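Student: Chains as they are written, first to last, in the numbering used here: chain Y, 1313 to 1472; chain U, 1313 to 1472. Cβ atoms here follow ideal geometry from the backbone N, Cα and C, with glycine treated the same way. As the structure is a computational prediction, the values presented were derived from the model and not from experiment.
Protein chains: 2
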Amino acid sequence: MRIKTGLKFAAVLVATLFQMTLKAQTMNTKDNQTGIFPKGEKATQNFTGNAWVKTLVANDDTLTTIISNVEFEAGARNYWHTHPAGQILICTEGTGYCQEKGKPIQTLHAGDVIKIQPGTEHWHGASPTSSFTHIAINVNTEKGVVNWLKPVTEDEYNGK
Amino acid sequence: MRIKTGLKFAAVLVATLFQMTLKAQTMNTKDNQTGIFPKGEKATQNFTGNAWVKTLVANDDTLTTIISNVEFEAGARNYWHTHPAGQILICTEGTGYCQEKGKPIQTLHAGDVIKIQPGTEHWHGASPTSSFTHIAINVNTEKGVVNWLKPVTEDEYNGK
């Protein structure tokens, strides 16, 4: 009977310690991964679903570059748009989508880096089941930054 | 005697599980934090100490931008240098230093983003006691990328 009590106590202790360390692990990942930048402002235009945009580098005449950190909730994406001078996306968290007009949807993961060529109609955002964060870099802004077009329909988002 | 054996077994089990989860936590941090990009090539020129450079975006005539992920070991730094068109650093891990000629050393942490103006003589690297990782963005590369100068001396690195 006393052995059973000892083992029961040990089992509860093990379970509690496991939960504590798993929780620490999750918090740690969140802080270090998407949490190195403030969440930014909620996008109120040109997005479907919830997304937050934090400007990291504002435009100027010398470096002619805008850099933003964008966090998309699962299912959220921006409208179809073009960049007159192109854009670079550095994916840092979650699973995302990017599609250029007339091409299949491309799935993106943390560590992926893609170039959007000038004038190419496209959209990007989270996959339906995962959040997604990328750093967006607009270069050569003297040529223009972005031209927003139509929302991405549910059929387009679902690859139909 | 059997109770003691049971408790001893439980204690060993708890210790082992703790070690396993702590190890998983460390690996997880490493993978998610600096590990979303491959470590890249060890820098063999223009650096003091150990640093690794992974090119994320190669130069081209359209976007005229080079992006690299640079990991510095504690104490490692690059030489004094200038960028003809400037550079942007996005700090992602650890504690680093950046100094412009004639100014005090600036301490950098994950989430800090700084602009280096065109032609400004400067260096960057890890602090003496922490590794440091940044994404380096060279824009408008048609104007030039980098001009390397002299090593940063121990006195300069130590702010003397």
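(1) Please list the partners that Gln-1429 of chain Y has in chain U, where partner means a Cβ-to-Cβ separation under 9 Å.
(2) What does the alpha-carbon distance come out to for the pair Pro-1463 of chain U and Ala-1355 of chain U?
(3) If you measure from the beta carbon of Thr-1404 of chain Y to each beta carbon in chain U, is any gap under 9 Å?
(4) Is the Cβ-Cβ distance between Val-1369 of chain U and Val-1457 of chain Y less than 9 Å?
(5) Where do the ends of the beta strand (DSSP E) carrying Tyr-1525 of chain U lie?
(6) What are the complete beta strand (DSSP E) segments, minimum 3 residues, inside the stretch 1382-1441 of chain U?
(7) Measuring alpha carbon to alpha carbon, tell me which residue in Y:Ser-1380, Y:Asn-1459, Y:His-1421, Y:Thr-1453 is nearest Thr-1432 of chain Y.
(8) Taking the DSSP output, what are the residues bridged to Asn-1459 of chain U?
(9) For Asn-1390 of chain U, count neighbouring Cβ atoms within 10 angstroms of its own Cβ and tell me buried if that reaches 16, exposed if not.
(10) Just the Cα atoms here: how many angstroms apart are His-1421 of chain U and Glu-1385 of chain U?
(11) Would you mind telling me which residues of chain U sit closer than 8 Å to Leu-1368 of chain Y, beta carbon to beta carbon, in chain order?
(12) With a threshold of 9 Å between beta-carbons, can Gly-1471 of chain Y be considered close to chain U, or not?
(13) Residues of chain Y with CB closer than 9 Å to the CB of Ile-1378 of chain U, please, in chain order.
(14) Using a C-beta cutoff of 9 Å, does Ala-1388 of chain U count as contacting chain Y?
(15) Can you pull the chain U neighbours of Phe-1349 of chain Y, defined as C-beta to C-beta under 8 Å?
(16) Can you check which of these residues, U:Asp-1373, U:Ala-1388, U:Thr-1445, is closest to Glu-1466 of chain U by C-alpha distance?
(17) For Gly-1352 of chain U, which residues in the same chain have their Cβ closer than 6 Å to its Cβ, ignoring the five residues on either side in sequence?
(18) Are the beta-carbon atoms of His-1393 of chain Y and Asn-1358 of chain Y separated by less than 9 Å?
(19) Run through the DSSP bridge pairs and tell me what Val-1365 of chain U is partnered with.
(20) Going along chain Y, which residues have a C-beta under 8 Å from Gly-1398 of chain U?
(21) With Asn-1452 of chain U as the anchor, note down where its beta strand (DSSP E) starts and where it stops.
(22) Rounded to a whole number of angstroms, what is the C-alpha to C-alpha distance between Thr-1376 of chain U and Glu-1454 of chain U?
(23) Identify each residue in the stretch 1439-1455 of chain U for which the Cβ-Cβ distance to at least one residue of chain Y is less than 9 Å, and report them in chain order.
(24) Return the Cβ separation of Gln-1429 of chain U and Thr-1374 of chain Y in integer angstroms, given the expectation that the two are a contact with Cβ distance under 8 Å.
(25) If you count every other CB in all the chains shown that lies within 10 Å of the CB of Asn-1452 of chain U, and 16 or more means buried, which is it?
(26) Do Cys-1403 of chain U and His-1434 of chain U have their CB atoms nearer than 9 Å?
(27) Can you tell which of U:His-1436, U:Glu-1405, U:Gly-1423 has the C-alpha that lies nearest to the C-alpha of Glu-1412 of chain U?
(28) Distance cutoff 9 Å, beta carbons only. Does Asn-1344 of chain U sit that close to anything in chain Y?
(29) Return the residue from the list Y:Gly-1347, Y:Ser-1380, Y:Cys-1410 that minimises the CA-CA distance to Glu-1468 of chain Y.
(30) Report yes if the CB atom of Gly-1408 of chain Y is closer than 9 Å to the CB atom of Phe-1349 of chain Y, and no otherwise.
Tutor: With the given structure in hand:
(1) Thr-1374, Leu-1375
(2) For Pro-1463 of chain U and Ala-1355 of chain U, the distance between alpha carbons rounds to 14 Å.
(3) The beta-carbon of Thr-1404 of chain Y is placed less than 9 Å from the nearest beta-carbon of chain U.
(4) no
(5) Not covered by the structure: residue 1525 of chain U. The range shown for chain U is 1313 to 1472.
(6) 1399-1412, 1418-1421, 1425-1428, 1434-1438
(7) Y:Asn-1459
(8) Partner(s): U:Thr-1394.
(9) So Asn-1390 of chain U counts as buried.
(10) 15 Å
(11) Those within 8 Å of Leu-1368 of chain Y in chain U are Ile-1402, Val-1425.
(12) no
(13) By Cβ distance, chain Y contributes nothing, its closest Cβ being about 10 Å from Ile-1378 of chain U, past 9 Å.
(14) Under the Cβ distance rule, Ala-1388 of chain U does not count among the residues neighbouring chain Y, no pair being separated by less than 9 Å.
(15) Gly-1423
(16) Here the closest residue by C-alpha is U:Ala-1388.
(17) Trp-1364, Val-1365, Lys-1366
(18) In contact: His-1393 of chain Y and Asn-1358 of chain Y (Cβ atoms closer than 9 Å).
(19) U:Glu-1353, U:Val-1382
(20) Residues of chain Y passing the Cβ test: Thr-1374, Leu-1375.
(21) Here Asn-1452 of chain U belongs to no beta strand (DSSP E), and DSSP marks it neither H nor E.
(22) Distance from the CA atom of Thr-1376 of chain U to the CA atom of Glu-1454 of chain U, rounded to whole angstroms, is 6 Å.
(23) Within the stretch 1439-1455 of chain U, the qualifying residues are Ile-1447, Ile-1449, Val-1451, Asn-1452.
(24) 7 Å
(25) Counting Cβ neighbours within 10 Å, Asn-1452 of chain U comes out buried, since at least 16 surround it.
(26) no
(27) Taking only the C-alpha atoms, the option nearest Glu-1412 of chain U is U:His-1436.
(28) Because Asn-1344 of chain U carries a pLDDT of 37, less than 50, the predicted location of this residue cannot be relied on, and no value is offered for it.
(29) The option with the nearest alpha carbon to Glu-1468 of chain Y is Y:Cys-1410.
(30) no
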